[in-house]
Structure formats: structure tokens, C-alpha cells
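For reference, the structure discussed in these notes is given below.
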DNA sequence: TTGAAAGCGCTAACAG
DNA sequence: CTGTTAGCGCTTTCAA
């Protein structure tokens with residue numbers, strides 16, 4: 001392997017017979033340079049294949065062109081699809097992504113924030129299920145522009161992009177009711193206290209109320225993640241607790257929904273014949289799994305894209321109109337929910 | 001948002017009443033320093049919350065502590081699980097990951113290599129299906145340590161980590177034969193020419209030969225990716241072409257296998273009753289999907305871990321024993337393959 | 001329009 | 001053991 005010494009601005013200057021300032025000017029287009037000189041420098045640059053060292057540049061400009069992205073886990077499909085959006089847009093703006101995994105552990109979140117901070121990232125996108133106040137504080141204290149992508153930002157004063165949880169949950173619940181389901185179990189993510197403020201729960205309740213169905217807290221389950229395993233376990237619990245099985249289960253994510261379906265199968269129930277199941281997110285998996293998932297579509301790629309655009313605006317010191325932006329959703333009907341009325 | 005001026009080595013030196021070199025020495029533990037002085041400096045550091053600026057450090061040491069990882073797509077489960085391994089190990093060695101997507105496009109691969117190079121990454125891990133000679137050349141010319149994670153490195157002289165494709169394919173084929181399957185279709189990734197040198201094909205053929213089953217090229221399908229869609233399409237093709245349906249289909253990945261299964265379903269065949277399907281990789285999805293996938297387990301996390309360790313060794317200038325390392329595999333029996341003899 | 005020079009924050013000789 | 005000094009490669013005043 002040949003390790004070549006990289007060529008620097010000095011080399012270019014020497015070759016072109018100008019000062020390094022001039023070279024700097026042409027590569028940054030920062031100050032007027034005679035066309036003739038400019039061309040000469042450009043030629044040399046092309047000839048030598050010179051690429052400015054961003055480290056040196058960053059050192060003086062204090063701009064690293066780096067954005068940190070903290071995700072619960074890359075293998076989580078939800079995060080991965082958002083990551084795609086982040087990656088693509090950031091490249092467009094000449095930013096690079098520094099990636100960190102947290103496994104949803106607060107300590108890892110904190111550690112990674114500091115790590116990224118040390119690496120001089122200009123902004124941080126934080127993807128998480130639940131927003132921890134301490135994490136918010138640390139981020140705020142650091143002075144680094146940060147935007148959260150999370151289920152919901154509730155009452156915390158942060159930059160946040162998410163889908164419209166309240167109406168989405170309401171509409172899916174309504175859809176389920178319209179299909180003849182009355183006993184609808186709901187799965188939520190978060191800790192127990194968070195439940196009170198959960199927008200999805202509110203939407204669910206509202207739809208119930210409008211249809212004169214009594215709210216039954218025994219069929220809403222709160223779990224700490226949005227994994228397949230959590231959905232599987234909660235469903236087993238749910239079905240063993242209740243004497244009468246629910247007509248439908250509204251899961252907190254598509255992965256959870258699949259856990260739900262498999263648990264139903266393993267307990268001898270058919271989906272959707274015995275129990276209907278609805279997901280959330282419309283991840284790639286939702287179309288692949290059989291029965292295909294009826295779910296709430298969310299523009300995951302766009303969520304990532306919007307978040308990164310916010311960060312870039314903040315970095316540039318531009319004004320952000322809304323601290324919280326929500327993106328549209330859509331109910332997508334597939335196979336996992338049955339119409340009980342025509343049954 | 002408060003943007004504070006970061007505190008520098010000078011500030012620490014002043015506060016501690018020593019020179020900046022001394023501070024540098026204590027933070028790097030590079031030269032002996034009196035315990036008393038050391039402690040004083042350490043105290044100031046803790047007090048002020050000083051964090052060395054890695055940019056400045058990198059500029060002089062020429063070490064960015066950055067490793068570039070190029071993946072076909074983050075949403076690909078295979079890549080994502082490997083990425084997990086890479087991420088975790090690199091953090092252990094104080095390296096950070098710079099991520100780039102290629103969507104398997106050669107141009108994007110080339111572009112990203114240059115981008116990462118400009119960002120001064122010390123090494124590059126390249127995850128790809130097919131190894132392109134030009135990409136290899138560019139990487140080699142750059143002088144940056146690189147290791148490939150790909151299906152197989154065939155005859156190309158590069159650092160590569162992969163699973164033992166030949167024996168794995170052979171063993172799975174043998175397993176299928178043992179279960180009474182004779183007409184076994186095979187799915188491969190790569191371009192047509194690559195087929196000739198494909199290790200999996202070799203393993204497959206070898207198992208066939210040992211069991212005196214004639215090789216039938218009409219039931220081996222080569223496709224360009226390892227996606228669900230590719231598996232789905234190829235299966236439709238396969239089943240419409242052949243008058244007699246195959247007993248089993250050995251897919252090139254778990255995602256492909258699921259595409260195969262769904263195509264079978266959609267064509268009215270049951271899996272595994274009518275057609276058995278085997279996967280490759282043992283991705284999370286393989287356990288989740290129903291029927292659960294019988295597949296070849298590969299230590300994905302470890303593949304990432306080994307690759308990153310190789311890079312770090314190379315960066316340090318240490319000798320690498322083997323340019324190509326292969327990791328063990330294991331046949332995992334689940335539900336997608338039936339025993340035809342007891343049927 | 002251009003060049004000289006200072007300096008970003010840090011490490012690494014080189015003296016002492 | 002410690003301080004001084006010279007850069008790393010680049011941007012940015014400040015003069016000319």
C-alpha cells in the first residue's frame with residue numbers, strides 16, 4: 001500500500017507561483033482574484049488533485065461540517081429509514097454524519113453527546129423513544145443545535161419533528177371502530193408516568209368517546225421500547241389477563257405489531273380472523289410480512305430530511321419558525337385488519 | 001441557546017500555572033510529570049470541563065480517529081447488523097464512524113470514497129455485494145487502509161472478511177438433500193459473469209455431485225441485489241418457467257428468502273408444504289417471519305467487529321496475518337424447510 | 001488585486 | 001521534569 005504525502009495549499013501556491021492566500025481565495029471564492037491567476041490556480045489544483053484539508057479549515061473556521069446522529073439502534077427499521085433521509089440531505093449540504101448507538105440507554109445517550117461534542121459536531125439529531133429531561137439539559141447547556149425525533153415532545157421545550165400523533169391515533173382508532181371493532185387494545189411506548197401525557201392515548205380516547213365506547217384502562221399496555229419482543233410479551237400478557245379477547249390491537253409500531261401477531265398465532269388465535277392488528281410507521285417490513293400490515297404511514301425519510309434541514313438552518317443562525325414540526329400521516333389499509341361487520 | 005466559548009489548553013495552563021506542554025503531557029500521559037503538578041492540572045481540567053479539541057490534535061498528529069463505513073443501504077438488515085458490530089468496537093478504540101450510503105451504485109461508492117478521504121478518515125470499511133475492480137484500485141491508490149465485507153472476495157487481492165461461503169452453501173445444500181429434496185433451486189447475487197466464480201455455487205454443485213444429483217442450470221437464478229423485491233421477482237420467473245416446481249429454493253439472503261416465500265404464496269404454493277425455502281445470514285427478521293426461516297447463521301456482529309479490528313491494526317502499522325478472514329457459520333433449523341421423507 | 005503574517009488548538013522536538 | 005518553540009494546513013486581517 002502506497003502512502004502518499006497529501007499535497008497542501010503550499011504546494012499549489014508554489015506551483016502556481018502565487019501566495020497561499022490567493023489559493024485560499026480561489027478555492028473559497030471569497031475575494032476577487034484576477035481571472036488569469038484564478039485559472040492558473042484552478043489548473044494546478046486539477047493537475048495535482050489537491051483537496052483542502054477540512055481539519056485545518058475547521059480549526060480556523062470553527063466549522064466541522066459534521067453532524068452527530070444518535071439513534072437507539074441502527075438495526076431498528078424505524079431509525080434506519082429516518083437515517084436514510086438524514087444521510088441523503090446532509091450530503092446535499094456537504095455535511096457528514098457521525099453515528100452513535102445508544103440502545104435506548106440514558107447513560108449511553110449522555111456519553112455519546114459528549115463524544116460527539118468533543119468531535120466538534122455542529123449539530124445533533126437525536127432519535128429516541130422517550131425524551132429525558134436530563135438529556136435535554138445537557139444538550140441545551142452544550143449550546144449545540146439539537147433536534148429530537150421522537151414519538152412526541154409533549155410539553156418539553158425543544159426542537160422536535162414527529163408525525164401528528166394525536167390525529168393519527170384518533171383516525172386509526174376511528175377506522176378500527178368503523179370496521180366494527182369495539183374492544184380495541186392499545187399499545188404505548190414510554191414509562192408509566194408518560195402515559196398520562198401521551199398524545200396517542202389522547203387520540204385513542206377521543207375516538208372512543210365520539211363513538212360512545214367506554215375507555216377500559218385494562219386493555220392499554222405500556223412498554224419501554226418498540227421492539228418485536230416487547231410486542232410479543234405484552235400480547236401474551238394481555239391475552240392471558242382478559243377473559244374476553246379484544247377485537248383489535250393497535251400497536252405502537254410495526255415491529256410491535258408483528259410481535260403481537262406472532263403472539264396471537266402462538267396462542268392459537270388467527271390474525272385478522274380472530275383478532276385484527278394495526279401497526280404504526282409503515283416501515284418496509286409492513287409490506288413484506290404476511291398478513292400485510294394495516295398501519296399508519298409516516299414519511300420517515302422526510303422526517304429525517306426535515307430534521308437535518310432544521311439543524312443546518314440553526315447552524316447558519318437562521319430563524320426557525322416552528323420549534324415543533326409535525327408531518328402528515330395516512331392510514332394504509334392492508335390485510336391485518338378485518339371488517340367485522342361483513343364477517 | 002447559550003453558545004459558550006470552549007475552553008482551551010491555554011486556559012488550563014494559565015489556571016494551573018504551568019505551560020501548555022505540561023498540560024498536553026498530562027492529558028496524553030506522554031511524558032513524566034510530577035505527581036503534584038499532574039494533580040493540579042487534572043483538577044483544573046475537571047473544574048473547567050476542558051475537552052481537548054480533536055481537530056487541532058488531528059491536524060498535528062495526522063490521526064483523525066475517524067473510520068469511514070460505506071454501506072449499500074442502512075435499511076438493509078444485513079448491513080445494519082454488521083454496522084452494530086463496527087460501531088461498538090470502534091467506540092472501544094476511540095474511533096468514530098463516518099457513514100455513507102451507496103445504494104450499490106458504483107458511482108456513489110467512488111464519490112463517497114473521495115468524500116471520506118477528504119474528511120481524513122484513517123481507514124475505510126466497505127460493505128458491498130459485488131467487488132468492483134475500479135473501486136479496489138481507487139482505494140488502493142488512496143493509500144488508506146481498507147477492508148471489504150462482501151459475499152466473497154474471489155480472486156481479488158484485498159483485505160476481506162466474510163463467512164465461509166463454500167462450505168456453508170455446501171452444507172445447506174446437503175441438509176436440504178438429506179431432508180429429501182432433490183430439485184433444489186439456487187439464488188445468487190452478482191452479475192452474470194460473477195456466477196462462474198461464485199463460491200456458493202461451487203458449494204452447491206459439490207453437494208449435488210456427492211449425492212449424485214445432476215446439476216441443472218435452469219434452476220439457478222442470479223440477481224443483482226439481495227433484496228426482498230429481487231427474491232420475489234426471481235421466484236415468479238422461476239416458477240413460471242419450469243413445468244415441475246422445485247422441492248426447495250435456497251435463497252441468497254433472508255430478505256430474498258422472504259421474497260421467495262411471498263411469491264410462492266401469491267402463486268398458490270404453500271411454504272414449506274409445497275416448496276421449502278432456506279435463507280442465508282440469520283438476520284433478526286428470520287426469527288420473526290412466519291414460517292420462521294431455516295437459514296445459514298452468520299456472525300454478523302462479529303464480521304463487523306473483525307473488520308474494524310483489522311482496520312485499526314492496519315492503521316497502527318501492525319502486521320496482518322491473513323488478508324482474508326472467514327468466520328464460522330451454522331445451519332439453523334426452523335420452519336421453512338420440511339422433511340419430505342416423512343411427509 | 002495580492003502577499004505577509006498572525007493564529008486556530010494542539011503535539012513534539014529541543015533545551016534546560 | 002518542565003518550558004520554549006516550531007509547526008500541522010488553512011483562513012483572515014492588514015498593508016501594500
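Residue numbers (full-length UniProt numbering), protein chains in the order written: chain A, 1 to 343; chain B, 1 to 343.
From the three backbone atoms N, C-alpha and C, an ideal C-beta is built for every residue, glycine too.
Between the C-alpha atoms of residue i and residue j, what's the straight-line distance to the nearest angstrom?
| i | j | result |
| --- | --- | --- |
| residue 119/A | residue 146/A | 15 angstroms |
| residue 156/B | residue 286/B | 31 angstroms |
| residue 325/B | residue 160/B | 6 angstroms |
| residue 342/A | residue 240/A | 28 angstroms |
| residue 132/B | residue 69/B | 17 angstroms |
| residue 138/A | residue 187/B | 50 angstroms |
| residue 367/A | residue 111/B | Absent from the structure is residue 367/A, since the part of chain A shown begins at 1 and ends at 343. |
| residue 50/B | residue 43/B | 10 angstroms |
| residue 248/B | residue 141/A | 59 angstroms |
| residue 213/A | residue 183/A | 8 angstroms |
| residue 73/B | residue 227/B | 11 angstroms |
| residue 208/B | residue 338/B | 19 angstroms |
| residue 315/B | residue 61/B | 13 angstroms |
| residue 172/A | residue 331/A | 7 angstroms |
| residue 298/B | residue 200/B | 14 angstroms |
| residue 78/A | residue 165/A | 15 angstroms |
| residue 301/A | residue 34/B | 55 angstroms |
| residue 128/A | residue 291/A | 28 angstroms |
| residue 329/A | residue 309/B | 43 angstroms |
| residue 21/A | residue 99/A | 35 angstroms |
| residue 205/A | residue 220/A | 11 angstroms |
| residue 163/B | residue 305/B | 13 angstroms |
| residue 57/B | residue 217/B | 58 angstroms |
| residue 269/B | residue 277/A | 25 angstroms |
| residue 125/B | residue 134/B | 16 angstroms |
In three-state DSSP terms, what is residue i?
| i | result |
| --- | --- |
| residue 282/A | coil |
| residue 251/B | coil |
| residue 110/A | helix |
| residue 115/B | helix |
| residue 104/A | coil |
| residue 269/B | coil |
| residue 173/A | helix |
| residue 342/A | coil |
| residue 214/A | coil |
| residue 222/A | strand |
| residue 14/A | helix |
| residue 71/A | strand |
| residue 293/A | coil |
| residue 335/A | coil |
| residue 316/B | coil |
| residue 330/B | strand |
| residue 125/A | strand |
| residue 178/B | helix |
| residue 50/B | coil |
| residue 133/B | helix |
| residue 298/B | coil |
| residue 33/A | coil |
Tell me the DSSP bridge mates of residue i?
| i | result |
| --- | --- |
| residue 7/A | None; residue 7/A has no bridge partner. |
| residue 160/A | 148/A, 324/A |
| residue 96/A | 66/A |
| residue 276/B | 248/B |
| residue 185/B | 249/B |
Would you please state the rounded distance, in angstroms, between the beta carbons of residue i and residue j? I believe it to be under 8 angstroms.
| i | j | result |
| --- | --- | --- |
| residue 9/B | residue 52/B | 7 angstroms |
| residue 167/A | residue 203/A | 6 angstroms |
| residue 48/B | residue 12/B | 6 angstroms |
| residue 264/A | residue 271/A | 5 angstroms |
| residue 123/A | residue 144/A | 6 angstroms |
| residue 336/B | residue 261/B | 7 angstroms |
CB of residue i to nearest heavy atom of the ligand HEM: below 8 angstroms?
| i | result |
| --- | --- |
| residue 297/B | This structure does not include the ligand HEM; it has no bound ligands of any sort. |
Interface positions of the segment 246-271 of chain B facing chain A (Cβ-Cβ less than 7 angstroms), listed along the chain: 258, 262, 265
Can you pull out the residues from the segment 109-124 of chain B whose beta carbon lies closer than 7 angstroms to at least one beta carbon of chain A? Per Cβ criterion, the list reads 118, 119, 120.
Residues in the segment 286-304 of chain B having any Cβ partner in chain A nearer than 8 angstroms: 288, 289, 290
At a CB distance below 9 angstroms, what residues from the segment 35-58 of chain A approach chain B? Give them in sequence order. 51, 52, 53, 54, 55, 56, 58
Name the residues in the segment 215-248 of chain A whose C-beta lies less than 7 angstroms from a C-beta of chain B; which are they? 228
With 9 angstroms as the C-beta to C-beta threshold (strictly closer), list the residues of the segment 70-93 of chain B near chain A in chain order. 73, 74, 75, 76, 77, 79, 80, 81, 83, 84, 87, 88, 91
Using a Cβ-Cβ cutoff of 7 angstroms, what residues of the segment 158-170 of chain B are near chain A? List them in chain order. Of all residues in the segment 158-170 of chain B, none comes within less than 7 angstroms of chain A when Cβ atoms are compared.
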